[in-house]
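Worksheet: one structure, shown below.
2 protein chains.
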Amino acid sequence: MAELGYKPNQFARSLKSRRSKTIGLIIPFITDPFFAEFASEVESVARRADYAVILATSRDMPQFEADELTIFERHQVDGLLLVPPRSELKVVMKILRTLSVPVVAFDRPLAGRDFSSVLTNNRSAAQLAVQHLIDHGRRRILCLGGDPSLFTIQERTEGYKSAVALAGIEPLIQHDVGDLNTIVERHITGKQKVDAIFGLYDQPTLIAYEVTKGLRLRIPEDVSLIGFGDFAFAAMLESSITVVEQPIAELARTATRLLLDLMQGVTRSSQQIQIASQIKFRRSCGCEPPT
Amino acid sequence: MAELGYKPNQFARSLKSRRSKTIGLIIPFITDPFFAEFASEVESVARRADYAVILATSRDMPQFEADELTIFERHQVDGLLLVPPRSELKVVMKILRTLSVPVVAFDRPLAGRDFSSVLTNNRSAAQLAVQHLIDHGRRRILCLGGDPSLFTIQERTEGYKSAVALAGIEPLIQHDVGDLNTIVERHITGKQKVDAIFGLYDQPTLIAYEVTKGLRLRIPEDVSLIGFGDFAFAAMLESSITVVEQPIAELARTATRLLLDLMQGVTRSSQQIQIASQIKFRRSCGCEPPT
DNA sequence: CTGTTAGCGCATTCAT
DNA sequence: ATGAATGCGCTAACAG
Chain A
1 MAELGYKPNQ
11 FARSLKSRRS
21 KTIGLIIPFI
31 TDPFFAEFAS
41 EVESVARRAD
51 YAVILATSRD
61 MPQFEADELT
71 IFERHQVDGL
81 LLVPPRSELK
91 VVMKILRTLS
101 VPVVAFDRPL
111 AGRDFSSVLT
121 NNRSAAQLAV
131 QHLIDHGRRR
141 ILCLGGDPSL
151 FTIQERTEGY
161 KSAVALAGIE
171 PLIQHDVGDL
181 NTIVERHITG
191 KQKVDAIFGL
201 YDQPTLIAYE
211 VTKGLRLRIP
221 EDVSLIGFGD
231 FAFAAMLESS
241 ITVVEQPIAE
251 LARTATRLLL
261 DLMQGVTRSS
271 QQIQIASQIK
281 FRRSCGCEPP
291 T
Chain B
1001 MAELGYKPNQ
1011 FARSLKSRRS
1021 KTIGLIIPFI
1031 TDPFFAEFAS
1041 EVESVARRAD
1051 YAVILATSRD
1061 MPQFEADELT
1071 IFERHQVDGL
1081 LLVPPRSELK
1091 VVMKILRTLS
1101 VPVVAFDRPL
1111 AGRDFSSVLT
1121 NNRSAAQLAV
1131 QHLIDHGRRR
1141 ILCLGGDPSL
1151 FTIQERTEGY
1161 KSAVALAGIE
1171 PLIQHDVGDL
1181 NTIVERHITG
1191 KQKVDAIFGL
1201 YDQPTLIAYE
1211 VTKGLRLRIP
1221 EDVSLIGFGD
1231 FAFAAMLESS
1241 ITVVEQPIAE
1251 LARTATRLLL
1261 DLMQGVTRSS
1271 QQIQIASQIK
1281 FRRSCGCEPP
1291 T
């Protein structure tokens, strides 16, 4: 009979079943390549399970997030995938608790331990990366960039601290304060010259690279460089940049599947899943990677 | 009374009103910075008008697009914003016509002239950019990269052709065929050396830059460079890259507002809107831009 | 101007 | 097995 062009009405169906076949996705910025790839995978997995994805961006502002949560509440999403902003407002947590649908936090945990989360090993991966710089004989390692109020930046910074502490090296940390170009320039030309830089995310990594090259210093000979987080151009640069590569697609698929499982009652209890990031060896650390 | 925590049920409301307060957004790839910024603005404008955005990615495959359209149909989106894939399948056009909601095409037009669209002046902006290279005294200008089956690439290529034709210069076009690195290398070192490159989108522009720098040629002295489409790193590179800057945010806001107007019946007839891209002068073309 | 009611289209129950 | 009836929660029409 469907040949007569019968189309079930989703509204009526939802009214009855109380399910919208929709999941909500809240990320800080869709223009950040990390979150863009995340969103892309979420959408792909969700659609295969016949769920539509409603997108919202929080700009890392808890108030925005709260607004979006109420929108999702109105639209009756069946599940929620979100990257929590830096601080969890009471408002937000309250909405999350009243929201009667499964929630999975991505990239950053949610305060309460009763929420599921899918994270990567920021701390140990950062430690390994910095350890690698030390193995290359580096002793003055600058830890560069990042908003220290973000969970991931905090964790990576801790990893850096552990690595240098183990080697008896004094930590040297410059988070996002003022102009990174100037900061980098000061540290690679001053009397207390730095011989390696660990970029806490893609932006400072690239700045470190460009400033160094611009001052006619060699990478990795004069300054060795590793960044946290891969980015499209890292491999294309003349001295290709060694990075900690986060398995974004796998993280995203895991998070989405976990959410779908929770929604279908397959999994009941909340889960904290951690997936390891790996170092992607290229030239900037001092290794000659296999081609 | 709402203090007792009354929440209207969107399903029931939609069942009655026949409107979902939802718009559908189909883009080729959310991981493409151009479309990511587009999506970001769409979401922002839509939310201010109290509409939720359902995201779908077509991967530039008409079949994917058709699938997504049927999903949107089921979810009863009130309007549709899409970047049409290269060729319009009959299937797709048929669905679009049966879909009884307003449709706005973005970045690329839809075959039928009865669809609204918001585009930029790919052709004339490209022509101006190439003309600018010619004004810098360049005569051997390589037009590089891009899928020639895409509308935007075709238009930009036409702009290039017009500019060189006016100057009596032989066109030299290499679309995406094989390894761009090799192609660039051959063209800047061969006997028929190229003295300028026009990148048709960000990727080939950056490849042109890196290959040139890697071969120790100077930009802009040896090779002058302009790219179509700005990208985050273009301004950060040592020889900052002059680009045709598309007003993405404005394009996106215009498209979304047009869609909202169509949905609310404010605007009835379909509109073709074109917004001009501007050249963003930096160093790679040979200009010394004001700082 | 406030209060009651019918019906949106589906899914589920109950009767046949 | 197939078929008729009820209600999901809201909105709009209508009655008091």
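Residue numbers (the working numbering), protein chains in the order written: chain A, 1 to 291; chain B, 1001 to 1291. We put the beta carbon where it would ideally sit given N, CA and C, even for glycine.
Specify whether the segment 269-288 of chain A and the segment 231-242 of chain A touch according to this definition: at least 3 beta carbon pairs, one from each stretch, less than 8 Å apart.
yes
In chain order, what residues of the same chain have a beta carbon less than 6 Å from the beta carbon of E1041 (chain B), not counting five sequence neighbours either side?
A1249, A1252 and R1253
With 7 Å as the threshold, decide whether the Cβ of Q127 (chain A) is near any Cβ in chain B.
The C-beta of Q127 (chain A) comes no closer than 7 Å to any C-beta of chain B.
Give the DSSP-derived three-state secondary structure of G214 (chain A) in the structure shown.
The answer is helix: DSSP assigns G214 (chain A) an H, G or I state.
Identity of the residues DSSP links to Q174 (chain A) by a beta bridge
A:L144
Can you check DSSP and say which residues form a bridge with G199 (chain A)?
A:L144 and A:G227
Enumerate in chain order the residues of its own chain whose CB-to-CB distance from I1026 (chain B) is below 7 Å, with the five nearest sequence positions on each side excluded.
Hits under 7 Å: A1056, S1058, E1065, E1068, L1082 and V1083.
Are there 16 or more other CB atoms within 10 angstroms of the CB of P1033 (chain B), so buried, or fewer, so exposed?
buried
What is the C-beta distance between N1122 (chain B) and G1159 (chain B), in whole angstroms, given that I count them as a contact (C-beta under 8 Å)?
Taking C-beta atoms under 8 Å as the contact rule, N1122 (chain B) and G1159 (chain B) qualify, at a distance of about 7 Å.
Would you kindly work out how many angstroms separate the C-alpha atoms of V1130 (chain B) and S1224 (chain B), rounded to a whole number?
Their backbone Cα atoms lie some 11 Å apart in a straight line.
Contact between the segment 1188-1204 of chain B and the segment 1261-1268 of chain B: three or more CB pairs below 8 Å?
no
Which residues does DSSP list as the beta-bridge partners of K94 (chain A)?
Answer by DSSP bridge pairing: none, since K94 (chain A) is not bridged.
Interface flag, S1017 (chain B) vs chain A, CB-CB below 7 Å
S1017 (chain B) does not count as touching chain A.
Cα-Cα separation, L1150 (chain B) to L150 (chain A):
40 Å
With distances taken from CA atoms, which of B:Q1127, B:D1078 and B:G1137 is nearest L1166 (chain B)?
The shortest C-alpha to C-alpha distance from L1166 (chain B) to any of B:Q1127, B:D1078 and B:G1137 is the one to B:Q1127.
Is the beta carbon of S1277 (chain B) closer than 7 Å to that of A1125 (chain B)?
yes
So what's A1052 (chain B) in DSSP terms, helix, strand or just coil?
strand
For the alpha helix (DSSP H) that G294 (chain A) lies in, which residues bound it at each end?
Because chain A in this structure spans residues 1 to 291, residue 294 (chain A) falls outside the shown range and cannot be described.
Closer than 7 Å, CB to CB, is H175 (chain A) near chain B or not?
no
When burial is assigned at 16 or more other CB atoms within 10 Å of the CB, is Q203 (chain A) buried or exposed?
buried
Taking beta-carbon pairs under 7 Å, can you tell me which members of the segment 258-288 of chain A lie near chain B?
none
Name, in chain order, the residues that DSSP records as bridge partners for L119 (chain A).
Assignment of beta-bridge partners to L119 (chain A) by DSSP yields A:Q274.
Nearest by alpha-carbon distance to Q1063 (chain B): which of B:Y1051, B:D1135 and B:K1090 is it?
B:K1090
Which residue from A:A105, A:V92, A:S20 and A:F35 puts its Cα closest to that of H1075 (chain B)?
A:S20
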